[in-house]
Structure formats: structure tokens, C-alpha cells
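Participant:
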Ligand code: AMP
């Protein structure tokens, strides 16, 4: 597996592959990789001739007071996992390689309400940072396909919209949430949890299963489903709900009836750690 740290090296490898007529898949990550990330690499390897993964903790998507400094990092382990799953090249730039001193003057930002909903209420600059770094990666790699997890469902909907609005010639592939055996969605941030918090964090996946079952049993009131999920989460004394919301999957607008493609998403603090989970119906 090739490891590169500069934009120039990345471009030159990818240009060569494109010249040879090979298709290129991109898996953007912030590192501290787990089976969730690995599942994206597996999908990419299965459908592209060459796979590029990026490992970059992107400062522009962290707000003041968020966990940018504390975000877990283990590049050696990341490389082992990526190589074992057949990744061809990992791009691991320094912050100074991606952004000039003093920061970027140019951002890519959706100006509709999509980045303001759900996680955007408490993380107002988050999706601007995500769209900016993903745009830079698209410009560097010019991938045929890019792979994103449904775990970050709002991010996925926003990137689909950005790709459509800016006419990026890249196919966005959404991949299902990978969970631990007991149901907890895998996340790099799970490492922040104490043993007791890890146990209490199961309220998120329990709420997801409850919501899915209510839908399966015919309930179509978004209010009833959301309230039942909130009640389930509130059973944990360590859980503090940021939001539980039902929205249209494509527009992220709040909905009253679970009809068409619907995303039911949540963010919940377990102690100091903010976790997200969701399910999609009707898509
Ligand atoms: P991150 O490193 O957290 O920025 O995540 C990089 C990519 O991996 C994003 O597209 C995430 O949605 C995806 N991802 C993270 N956790 C999971 C998971 N448990 N299952 C599936 N995809 C995931």
C-alpha cells in the first residue's frame, strides 16, 4: 500500500491510474479506523480498480470547544487495517498541507436549511467544513465513486446534494451502519466511553430498534415514534438527548408522517460523549 502525505504525490498516482483506464474509489475518513470504515473500503475494493483512503482529522469541521485536539489517532493501526482490506493508497496530509497558514478563504457550503437541521443546530459550521474538505478530496482524486456511511446520514444527504449542485462526476455510494454485536454503532468516539457509559450507550440502538419496530407494525405518526424513542433513551440516567427527529431523507425537512424516504436520526450525550445513530425507512 502506498502512503502519501502531499497533494502533489496523490495527484500524480491518481492521474497515472486514470491514464491507464483504471477506475478509482475514494473513502474519506478521519482515522482511528474500525470495521465501519473497513466496510466502506470493502465496498470500494469490490467495485473499483484502485482504492484511495484519506486519513485526515479535518479542523474546519470542528467548532470551538469540540474535540479536535482529543480526537483519537493511531495511524499505524489505520494503515494495517487499510492494507488488510485491499486499499491501494492512503493519503495522510498534515493540516498545513491541506490548508494555508491562516486558514482557507474559500468554503463550500449549502445555503439551504440542510446543514442547519439535526446536528447543525448545535454544530453550525460542521457541514461547511465537511463539504469543503470533501470537495478538496474530490478535486485531488477525481474519483469515479466515493463511499460514505449511513452512520452519518445527514452528511450523506448533504454530500449528495453538493455533488448534484456542483456537478461533480462522482457516484456517491451510501453504506449501511456497522454495529458492535450488542448493537452499538461503531464510532471512533466510542473510545471516549467508560465501561459504564459503554453499557448505557446501548439506549441509542435500542431506540433505533424500537422506532423501526413501530414503523414495521404500521405506526406512521412521526411524533409518536420520536416520543417513544425519546422515552426509551430517557430510561438511562447517563443519557442526555440532543435531538431525536424524523425528516425527509433527501431534503432533511421535518415531517409529520412517515411516508416516502424518511430518516429518523438522533444525537445523544452519554456523559460527555456525543453519539449519533439513525434508521431509514421508505427509501
Ligand atoms: P469518520 O472517520 O468518522 O469521519 O468516518 C468516515 C466514514 O466512515 C464516514 O463516511 C462515516 O459515515 C463512515 N462510518 C463511520 N462509522 C461507521 C459505521 N459504524 N458504519 C458504517 N460507516 C461508518
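Numbering (my numbering), first residue to last: 3 to 285. In this text, a Cβ means the ideal position worked out from N, Cα and C, and glycines have one as well.
Can you grab the Cα-Cα spacing for the pair residue 279 / residue 180, in whole Å?
Facilitator: 11 Å
Participant: Below 7 Å, is the gap between the Cβ of residue 154 and the nearest heavy atom of ligand 1?
Facilitator: yes
Participant: For residue 108, which three-state DSSP category applies?
Facilitator: coil
Participant: Relative to the C-alpha of residue 198, which residue among 233, 238 and 105 is closest?
Facilitator: 238
Participant: Please work out which residues of its chain come closer than 6 Å, Cβ to Cβ, to residue 146, disregarding the five sequence neighbours upstream and downstream, and give them in chain order.
Facilitator: Contacts found: 25 and 26.
Participant: Starting from residue 150, follow the alpha helix (DSSP H) in both directions and report where the run begins and ends.
Facilitator: Secondary structure note for residue 150: it is in no alpha helix (DSSP H), and the uninterrupted beta strand (DSSP E) holding it is 147-151.
Participant: Could you check what DSSP says for residue 268 in three-state terms: helix, strand or coil?
Facilitator: strand
Participant: According to DSSP, residue 277 sits in a beta bridge with which residue or residues?
Facilitator: 270
Participant: Quick check on residue 202: buried or exposed, where buried means 16 or more other Cβ atoms within 10 Å of its Cβ?
Facilitator: buried
Participant: Rounded C-beta distance between residue 183 and residue 212? I'm assuming under 8 Å.
Facilitator: The pair is not a contact, with the Cβ atoms about 19 Å apart (cut-off 8 Å).
Participant: Assign residue 121 to one of three DSSP states: helix, strand, or coil.
Facilitator: helix
Participant: Report the rounded CA-to-CA distance for residue 89 versus residue 54, giving the unit in angstroms.
Facilitator: 6 Å
Participant: Ends of the alpha helix (DSSP H) at residue 99?
Facilitator: Start and end: 97-100.
Participant: Can residue 179 be considered in contact with ligand 1, in the sense that its beta carbon sits closer than 7 Å to one or more heavy atoms?
Facilitator: Yes, the beta carbon of residue 179 sits closer than 7 Å to at least one heavy atom of ligand 1.
Participant: Out of curiosity, what's the CA-to-CA distance linking residue 255 and residue 124?
Facilitator: 17 Å
Participant: Which runs of the alpha helix (DSSP H) at least 4 residues long sit entirely within the region 190-248? Give them in chain order.
Facilitator: 197-202, 204-218 and 224-236
Participant: Can the beta-carbon of residue 31 be found closer than 8 Å to that of residue 56?
Facilitator: yes
Participant: Report yes if the C-beta of residue 193 is less than 7 Å from at least one heavy atom of ligand 1; otherwise report no.
Facilitator: no
Participant: Does the beta carbon of residue 31 fall short of 7 Å from some heavy atom of ligand 1?
Facilitator: yes
Participant: Let me know if residue 79 comes out buried or exposed under the rule of 16 or more other beta-carbons within 10 Å of its beta-carbon.
Facilitator: exposed
Participant: Just grab the DSSP bridge partners of residue 30 for me.
Facilitator: Residue 30 has 56 as its beta-bridge partners, per DSSP.
Participant: Between the alpha carbons of residue 39 and residue 151, how many angstroms are there, rounded?
Facilitator: 8 Å
Participant: How many Å lie between residue 144 and residue 225 at the Cα?
Facilitator: 42 Å
Participant: Tell me the DSSP secondary structure of residue 250 in three-state form.
Facilitator: strand
Participant: Check whether the Cβ of residue 94 sits closer than 7 Å to any heavy atom of ligand 1, and report yes or no.
Facilitator: no
Participant: Can you tell me whether residue 159 sits near ligand 1, meaning its C-beta is under 7 Å from at least one heavy atom of the ligand?
Facilitator: no
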